[in-house]
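These notes are about the structure you will find just below.
Residue numbers (my numbering): 573 to 830.
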């Protein structure tokens with residue numbers, strides 16, 4: 573019975589010690605950041621390139637440069653900085669045909685003025701230009717039979733949208749799926765270019781008269797260790813404190829054993 577009790581005590585103390593060490597290491601690491609919680613998504617107000625009266629402007633764009641993955645295009649995810657992003661593109665590894673001499677690819681997403689009016693309905697939100705090129709500026713194309721996933725967010729509350737693509741002369745509808753939120757849409761496309769969300773028929777307007785909260789596009793600062801390793805002493809202190817707590821608990825429980 574004593575052996576079983578000691579084994580149980582050792583197990584609980586080992587688990588507690590491990591938890592304390594994980595907390596100390598995670599909290600005191602130079603790359604520590606707040607955890608991400610799944611749950612209700614709070615959407616930022618939609619940001620317009622040409623904002624209607626009372627609506628926020630200055631939408632973000634993105635430009636990501638990625639090195640090749642063993643000679644082929646790497647897995648790609650790029651998204652604008654709004655929450656959720658107003659435009660995203662996602663591609664699998666080796667999705668693109670690369671010109672000779674390519675060493676990296678550059679993925680860009682940029683809000684632009686509509687290149688042409690639509691023949692029905694209206695464009696909801698911004699038109700976004702999706703492009704991928706190599707380090708020399710040459711555009712790259714998708715391998716035959718490969719698609720890239722493009723995601724567009726319409727203004728808040730717009731739930732009856734369809735993604736459209738500008739083919740150089742006119743807009744055309746493309747197969748559209750809901751992206752998980754009522755105003756989030758996605759399509760698997762065989763080409764890049766200019767895309768937007770089209771709404772027709774009964775339209776759900778974005779709530780008006782709301783003042784958007786303060787918004788910053790700057791990423792949250794991450795503590796940078798000093799040249800002498802400023803984070804290390806705190807990590808050592810945390811580990812020592814965890815060891816002391818485990819030792820005290822071990823002795824206390826041991827004194828209680830018959």
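No residue lacks a Cβ here, since even glycine has one placed at the ideal position from N, Cα and C.
The structure displayed is predicted, hence computed values, not measured ones.
Taking just the CA atoms, how far does residue j sit from residue i?
i, j, result
"residue 618", "residue 653", "12 Å"
"residue 797", "residue 735", "Residue placement at residue 797 is poorly supported in this model, since its pLDDT is 42, which falls under 50; the coordinates are not used for a value here."
"residue 762", "residue 742", "18 Å"
"residue 686", "residue 671", "30 Å"
"residue 731", "residue 689", "21 Å"
"residue 678", "residue 760", "20 Å"
"residue 703", "residue 749", "21 Å"
"residue 696", "residue 634", "20 Å"
"residue 754", "residue 771", "13 Å"
"residue 620", "residue 694", "15 Å"
"residue 648", "residue 623", "30 Å"
"residue 642", "residue 666", "10 Å"
"residue 646", "residue 614", "31 Å"
"residue 725", "residue 630", "15 Å"
"residue 723", "residue 757", "6 Å"
"residue 626", "residue 729", "16 Å"
"residue 727", "residue 733", "10 Å"
"residue 659", "residue 711", "20 Å"
"residue 752", "residue 656", "11 Å"
"residue 628", "residue 773", "25 Å"
"residue 632", "residue 699", "12 Å"
Please classify residue i: does DSSP put it in a helix, a strand, or coil?
i, result
"residue 651", "strand"
"residue 755", "coil"
"residue 623", "coil"
"residue 710", "coil"
"residue 699", "strand"
"residue 667", "coil"
"residue 614", "coil"
"residue 660", "strand"
"residue 638", "strand"
"residue 705", "strand"
"residue 644", "strand"
"residue 853", "In the structure as shown, the chain begins at 573 and stops at 830. Residue 853 is therefore absent and cannot be evaluated."
"residue 630", "coil"
"residue 746", "coil"
"residue 680", "strand"
"residue 833", "Because the chain here runs from 573 to 830, residue 833 falls outside it and cannot be looked at."
"residue 672", "coil"
"residue 741", "coil"
Among the options, which residue has its Cα nearest to the Cα of residue i?
i, options, result
"residue 705", "676, 697, 695, 715", "676"
"residue 674", "697, 649, 632, 644", "644"
"residue 664", "753, 657, 758, 721", "721"
"residue 765", "684, 631, 727", "684"
"residue 637", "622, 662, 707, 682", "707"
"residue 744", "712, 629, 692", "692"
"residue 746", "712, 727, 768", "768"
"residue 650", "727, 680, 626, 701", "680"
"residue 739", "714, 701, 640", "701"
"residue 717", "632, 657, 668, 628", "668"
"residue 714", "751, 662, 737", "662"
Span of the beta strand (DSSP E) holding residue i?
i, result
"residue 687", "Looking at the DSSP string, residue 687 is not in any beta strand (DSSP E), and its letter there is neither H nor E."
"residue 722", "720-725"
"residue 733", "733-738"
"residue 765", "765-771"
"residue 692", "Per DSSP, residue 692 belongs to no beta strand (DSSP E) and is neither H nor E."
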